[in-house]
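What follows is a single structure, written as C-alpha coordinates, with notes after it.
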Amino acid sequence: EDAASEVTAARDLTAVIALHGLPCGNVISATQQGQDDYVASCANGNRYRVFVGADGRVIVEKIG
(Lines of atoms letter the chains of each structure in order from A; the text may use other names.)
(Lines give C-alpha, C1' and ligand atoms only; values in the text may rest on other atoms or scores of the structure.)
Protein backbone atom coordinates (compact mmCIF):
# COMPACT_ATOMS: atom_id res chain seq x y z
CA GLU A 2 0.00 0.00 0.00
CA ASP A 3 1.35 3.42 -0.88
CA ALA A 4 1.87 6.25 1.59
CA ALA A 5 -0.91 8.42 0.15
CA SER A 6 -3.59 5.79 0.73
CA GLU A 7 -2.24 5.15 4.23
CA VAL A 8 -2.62 8.85 5.05
CA THR A 9 -6.19 8.79 3.69
CA ALA A 10 -7.00 5.67 5.74
CA ALA A 11 -5.57 7.25 8.90
CA ARG A 12 -7.59 10.44 8.33
CA ASP A 13 -10.77 8.43 7.69
CA LEU A 14 -10.16 6.29 10.79
CA THR A 15 -9.62 9.41 12.90
CA ALA A 16 -13.01 10.73 11.73
CA VAL A 17 -14.79 7.40 12.27
CA ILE A 18 -13.44 7.01 15.81
CA ALA A 19 -14.42 10.62 16.63
CA LEU A 20 -17.93 10.07 15.23
CA HIS A 21 -18.31 7.12 17.60
CA GLY A 22 -17.49 9.49 20.47
CA LEU A 23 -14.33 7.66 21.46
CA PRO A 24 -11.14 9.38 22.69
CA CYS A 25 -8.29 9.21 20.23
CA GLY A 26 -6.85 12.50 19.09
CA ASN A 27 -5.29 11.61 15.76
CA VAL A 28 -4.65 8.14 14.40
CA ILE A 29 -0.86 7.90 14.18
CA SER A 30 -0.71 4.47 12.56
CA ALA A 31 -3.11 2.00 11.07
CA THR A 32 -2.64 -1.64 10.15
CA GLN A 33 -5.01 -3.22 7.67
CA GLN A 34 -6.05 -6.71 8.76
CA GLY A 35 -8.47 -7.40 5.95
CA GLN A 36 -10.89 -5.67 3.64
CA ASP A 37 -12.51 -2.84 5.64
CA ASP A 38 -10.77 -4.05 8.82
CA TYR A 39 -8.10 -1.93 10.51
CA VAL A 40 -6.29 -1.61 13.82
CA ALA A 41 -5.77 2.09 14.55
CA SER A 42 -3.26 3.43 17.08
CA CYS A 43 -4.12 6.86 18.46
CA ALA A 44 -1.94 9.75 19.59
CA ASN A 45 -3.35 9.36 23.13
CA GLY A 46 -2.23 5.71 23.34
CA ASN A 47 -5.63 4.10 22.72
CA ARG A 48 -5.95 1.38 20.08
CA TYR A 49 -9.13 0.49 18.24
CA ARG A 50 -10.26 -2.12 15.77
CA VAL A 51 -12.38 -0.43 13.10
CA PHE A 52 -14.27 -2.75 10.79
CA VAL A 53 -17.48 -3.26 8.86
CA GLY A 54 -19.85 -5.75 10.50
CA ALA A 55 -22.03 -8.31 8.77
CA ASP A 56 -24.89 -5.79 8.68
CA GLY A 57 -22.74 -3.27 6.79
CA ARG A 58 -22.33 -0.90 9.75
CA VAL A 59 -18.97 0.40 10.90
CA ILE A 60 -17.95 -0.98 14.31
CA VAL A 61 -15.24 0.50 16.54
CA GLU A 62 -13.92 -1.70 19.38
CA LYS A 63 -11.32 -0.59 21.92
CA ILE A 64 -8.35 -2.96 22.13
CA GLY A 65 -6.71 -3.62 25.47
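Numbers given in our numbering equal positions in the sequence shown, counted from 1, plus 1.
We put the CB at the ideal spot given by N, CA and C, even for glycine.
The model shown is predicted, which means the values in this text are computed figures rather than measured ones.
Around D37, the same chain offers F52, V53 as residues with beta carbons nearer than 8 Å, after the five sequence neighbours per side are excluded. Collapsing the DSSP output to three states places A10 in a helix. With respect to the C-alpha of E7, the residue from S30, R58, P24, N45 having the closest C-alpha is S30.
Taking each of R12, A11, H21 in turn and checking the Cα distance to R58, the smallest one comes out for H21. Counting only the Cα atoms, L14 lies some 11 Å from T32. Of all alpha-carbon atoms in L23, R50, V28, the one lying nearest the alpha-carbon of Q34 is that of R50.
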